[in-house]
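**Q** Sharing a structure with you now.
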Amino acid sequence: MSVFKRTTPTEFPPMFSDRILSCLKSPGGENEDTLEIIEGTLQNIISGKTYPDKDNVPSLFLPEKGRGEVVTTRVKSFYEDNPFPSYEGLEEFSELVNKGLRNTFASELLKAIGYNKTVLECGCGTGQLSHFLQLNNNHVLGIDMSLASLKLAIEHKIRNGLTRSSFAQMNIFDLAIKDNSFDIVISHGVLHHTFDAQRAFSHLVNKVKPGGIILIGLYNYYARVPTWVRSKLVGLLGQNIDYVVRNRITDNKKADIWIKDQYYNPHETWHSIDEVLKWFNLNDVEFVNCAPAILGSSGENVKSLFEQSDPGSAYQRIVSQLSWLGTIAREGALFDVIGRKAK
Ligand SMILES: C[S@@+](CC[C@H](N)C(=O)[O-])C[C@H]1O[C@@H](n2cnc3c(N)ncnc32)[C@H](O)[C@@H]1O
28 MSVFKRTTPT
38 EFPPMFSDRI
48 LSCLKSPGGE
58 NEDTLEIIEG
68 TLQNIISGKT
78 YPDKDNVPSL
88 FLPEKGRGEV
98 VTTRVKSFYE
108 DNPFPSYEGL
118 EEFSELVNKG
128 LRNTFASELL
138 KAIGYNKTVL
148 ECGCGTGQLS
158 HFLQLNNNHV
168 LGIDMSLASL
178 KLAIEHKIRN
188 GLTRSSFAQM
198 NIFDLAIKDN
208 SFDIVISHGV
218 LHHTFDAQRA
228 FSHLVNKVKP
238 GGIILIGLYN
248 YYARVPTWVR
258 SKLVGLLGQN
268 IDYVVRNRIT
278 DNKKADIWIK
288 DQYYNPHETW
298 HSIDEVLKWF
308 NLNDVEFVNC
318 APAILGSSGE
328 NVKSLFEQSD
338 PGSAYQRIVS
348 QLSWLGTIAR
358 EGALFDVIGR
368 KAK
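What follows is the structure in structure tokens.
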């Protein structure tokens, strides 16, 4: 049973900060939409249509119809049963901040984002990264289709009185968000669980302000192979076959959730740097950086995740991805590519 209850329009912390509320529209709606919270419920004040919470989670979700319906339904059901990442041992915001500061990717990302920015996290899961990134006076909207995950995000928000991280249930393929409205859009470990990662990417780009940053984290085509091999053995040899379980996770429930996410996911696709560069080209996004860096490129010497670097040659990119078999492959093979939307 949920430990929180939304009550009055003046509740604290407010479900949405004003900066985030002004970026919302109706699902399938127009950029001109204005959404407000009237008596605790989201309402489009132009059309009068209301969007009641689901399970105490603000919901602007339209289920997928047509080609993506089967995958979206299966993935949604998986993350309703297995909210990710687990909150075990992270009751207090200070604990979550400590975890974020110790994590190289999260702390580098916070540093690169800077101050007073609007950040959209698509596929935020249980919202831990969204909460962390609202430090430095940033306003963050985390969206996901899993209500179970969002409930945990909102529980943490309410328990800790966090005012600048907001959450809503949405589908990446029908984002109830105005075009060109966020300084930074991130989606880490998500698009490869959708039925069409390239199409999902173009929906995300629409929400970035001209000149703003987009960051996507995907399973790598080359470095994911060892995980696939392990997925055939994990049932036989047990959870200790996994490097993260052996070296990073001390809590059993957390280990179970990690193993399910890595080895029993109903849908995943693998992607290469060159594929992402093609998506960038088609969507008027300029390459900024890649993490891990492309070997031999200026990305090896950047001081910030968002510092401009070159994408190297096709040969350097292949060698880099093969080298990841000895590095990120043991932790799930996620690589991040960062781009800047044309002005
Ligand atoms: C592996 S989890 C990643 C969570 C978080 N970003 C992280 O890195 O820990 C993938 C998340 O993507 C969400 N997701 C997948 N497809 C989606 C879609 N079409 N719309 C919204 N969320 C989606 C899932 O519900 C799930 O919470």
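Each number in the working numbering comes from the position in the sequence shown (counting from 1) with 27 added on.
Don't be surprised by glycine CBs; every beta carbon is placed ideally from N, CA and C.
Note that this is a predicted model, so its numbers are computed, not measured.
With DSSP collapsed to three states, give me the class of residue 105.
**A** For the purposes of this step, residue 105 is taken as the residue at position 78 of the sequence shown. Residue 105 falls in the helix class under three-state DSSP.
**Q** Could you check which residue in 48, 164, 192 has the C-alpha nearest to that of residue 158?
**A** As a working note, residue 158 is residue 131 in the sequence shown. Among 48, 164, 192, the Cα nearest to that of residue 158 is on 192.
**Q** CB residue 323 to CB residue 217, shorter than 8 Å?
**A** In the sequence shown, the residue the question calls residue 323 occupies position 296. In the sequence shown, the residue the question calls residue 217 occupies position 190. No, Cβ-Cβ distance for residue 323 and residue 217 is not below 8 Å.
**Q** If you measure from the CB of residue 363, is any heavy atom of ligand 1 nearer than 7 Å?
**A** Translated into the one-based positions of the sequence shown, residue 363 becomes position 336. Checking every heavy atom of ligand 1 against the Cβ of residue 363, none is found closer than 7 Å.
**Q** Please look up how many angstroms separate the CB atoms of residue 203 and residue 87, rounded, as I've assumed it's under 8 Å.
**A** In the sequence shown, residue 203 corresponds to position 176, counting from 1. In the sequence shown, residue 87 corresponds to position 60, counting from 1. Confirmed, Cβ separation roughly 4 Å.
**Q** Leaving out the 5 sequence neighbours to the left and right, which residues in its chain are closer than 8 Å to residue 64 when beta-carbon positions are compared?
**A** Here residue 64 corresponds to residue number 37 of the sequence shown, with the count starting at 1. Contacts found: 36, 41, 42, 43, 48, 70.
**Q** Where DSSP assigns a beta bridge to residue 195, which residues make up the other side?
**A** For the purposes of this step, residue 195 is taken as residue 168 along the sequence shown, with counting starting at 1. Residue 195 is bridged to 170.
**Q** Can you tell which of 173, 38, 355, 142 has its C-alpha closest to the C-alpha of residue 154?
**A** Indexing the sequence shown from 1 puts residue 154 at position 127. For residue 154, the nearest C-alpha among the options comes from 173.
**Q** Which stretch, first to last residue, makes up the beta strand (DSSP E) that contains residue 279?
**A** Counting from 1 along the sequence shown, the entry for residue 279 is found at position 252. Premise fails: residue 279 lies in the alpha helix (DSSP H), 279 to 290, not in any beta strand (DSSP E).
**Q** Looking at C-alpha atoms only, which residue of 229, 72, 300, 105 is the closest neighbour of residue 212?
**A** On the sequence shown, position 185 is the one that residue 212 refers to. The shortest C-alpha separation from residue 212 is found at 229.
**Q** Measuring CB to CB, does residue 360 end up less than 8 Å from residue 351?
**A** Numbered from its first residue, the sequence shown carries residue 360 at position 333. Numbered from its first residue, the sequence shown carries residue 351 at position 324. Yes, Cβ-Cβ distance for residue 360 and residue 351 is below 8 Å.
**Q** Is residue 141 near ligand 2 - that is, is its Cβ less than 7 Å away from at least one heavy atom of it?
**A** Ligands in the displayed structure: ligand 1; ligand 2 is not one of them.
**Q** List the DSSP bridge partners of residue 63.
**A** The sequence position of residue 63 within the sequence shown is 36, counting from 1. Looking at the DSSP assignment, residue 63 forms a beta bridge with 70.
**Q** What are the partner residues of residue 372, as DSSP defines its beta bridges?
**A** Here the chain covers residues 28 to 370 and nothing more, so residue 372 does not appear.
**Q** For residue 146, does the count of other Cβ atoms within 10 angstroms reach 16, so buried, or fall short, so exposed?
**A** Numbered from 1 along the sequence shown, position 119 holds the residue referred to as residue 146. So residue 146 ends up on the buried side.
**Q** Given that a residue counts as buried once 16 or more other Cβ atoms are within 10 Å of its Cβ, and exposed if not, what is residue 30?
**A** Within the sequence shown, numbered from 1, the residue matching residue 30 stands at position 3. Because residue 30 carries a pLDDT of 46, less than 50, the predicted location of this residue cannot be relied on, and the following value inherits that uncertainty. Counting Cβ neighbours within 10 Å, residue 30 comes out exposed, since fewer than 16 surround it.
**Q** Kindly confirm or deny that the segment 315 to 322 and the segment 360 to 370 touch, where touching means at least three C-beta pairs closer than 8 Å.
**A** They touch, by the three-pair rule.
**Q** Under a Cβ-count criterion, where at least 16 other Cβ atoms within 10 Å of its own Cβ denotes burial, should residue 99 be classed as buried or exposed?
**A** Start at 1 with the first residue of the sequence shown, and residue 99 comes out as number 72. Residue 99 is buried by the Cβ-count criterion.
**Q** Note down, in chain order, each residue of its chain lying with its Cβ closer than 7 Å to the Cβ of residue 260, except the 5 sequence neighbours on either side.
**A** Along the sequence shown, one-based indexing puts residue 260 at 233. Same-chain partners within the cutoff: 268.
**Q** Return helix, strand or coil for residue 117, following the three-state DSSP convention.
**A** In the sequence shown, the residue the question calls residue 117 occupies position 90. It is coil, neither helix nor strand.
**Q** I'd like the span of the beta strand (DSSP E) that includes residue 200, first residue to last.
**A** Mapped onto the sequence shown, residue 200 falls at position 173. From DSSP, residue 200 is part of no beta strand (DSSP E); its letter is neither H nor E.
**Q** Whole angstroms is fine: what's the gap from residue 247's alpha carbon to residue 60's?
**A** Translated into the one-based positions of the sequence shown, residue 247 becomes position 220. Translated into the one-based positions of the sequence shown, residue 60 becomes position 33. If I take the Cα positions, the gap works out to 38 Å.
**Q** Does residue 387 come out as helix, strand or coil in the three-state DSSP assignment?
**A** An answer regarding residue 387 cannot be provided, because it is not within the stretch 28 to 370 covered by the chain.
**Q** One question on the structure: do residue 243 and residue 83 come within less than 8 Å of each other, judged by their Cβ atoms?
**A** Residue numbering aside, residue 243 sits at position 216 when the sequence shown is read from its first letter. Residue numbering aside, residue 83 sits at position 56 when the sequence shown is read from its first letter. No.
**Q** Run the proximity test for residue 300: is its beta-carbon closer than 7 Å to any non-hydrogen atom belonging to ligand 1?
**A** Reading the sequence shown from its first residue, position 273 is the one you call residue 300. Outside the cutoff, so no.
**Q** Note down, in chain order, each residue of its chain lying with its Cβ closer than 6 Å to the Cβ of residue 339, except the 5 sequence neighbours on either side.
**A** Locating residue 339 in the sequence shown gives position 312, counting from the first residue. So the list reads 321, 323, 324, once near-sequence residues are dropped.
**Q** Could you compute how far the alpha carbon of residue 79 sits from the alpha carbon of residue 66?
**A** To locate residue 79, count along the sequence shown from 1; it is residue 52. To locate residue 66, count along the sequence shown from 1; it is residue 39. Going from the Cα of residue 79 to the Cα of residue 66 covers about 11 Å.
**Q** In the DSSP output, what is residue 313 paired with across the bridge?
**A** Position 286 of the sequence shown holds residue 313. Note: residue 313 sits in a beta bridge opposite 367.
**Q** At the level of alpha carbons, what is the spacing between residue 34 and residue 68?
**A** The residue labelled residue 34 in the question sits at position 7 within the sequence shown. The residue labelled residue 68 in the question sits at position 41 within the sequence shown. Bear in mind that a pLDDT of 48 at residue 34, under 50, signals an unreliable position, so the number given afterwards is only what the model happens to contain. Roughly 10 Å between the two C-alpha positions.
**Q** Can you give the Cα-Cα distance for residue 55 and residue 353, rounded to whole angstroms?
**A** Your numbering for residue 55 matches position 28 in the sequence shown. Your numbering for residue 353 matches position 326 in the sequence shown. Distance between the alpha carbons of residue 55 and residue 353 is about 44 Å.
**Q** In whole angstroms, what separates the C-alpha of residue 254 from that of residue 199?
**A** Residue numbering aside, residue 254 sits at position 227 when the sequence shown is read from its first letter. Residue numbering aside, residue 199 sits at position 172 when the sequence shown is read from its first letter. When rounded, the distance between both Cα atoms is 26 Å.
**Q** Return the residue from the list 370, 196, 136 that minimises the CA-CA distance to residue 310.
**A** For the purposes of this step, residue 310 is taken as the residue at position 283 of the sequence shown. Ranking 370, 196, 136 by Cα distance to residue 310 puts 370 first.
**Q** Measuring from the CB of residue 281, is there a heavy atom of ligand 1 at a distance below 7 Å?
**A** On the sequence shown, residue 281 is found 254 positions in, with the first residue counted as 1. Residue 281: no, Cβ never under 7 Å from ligand 1.
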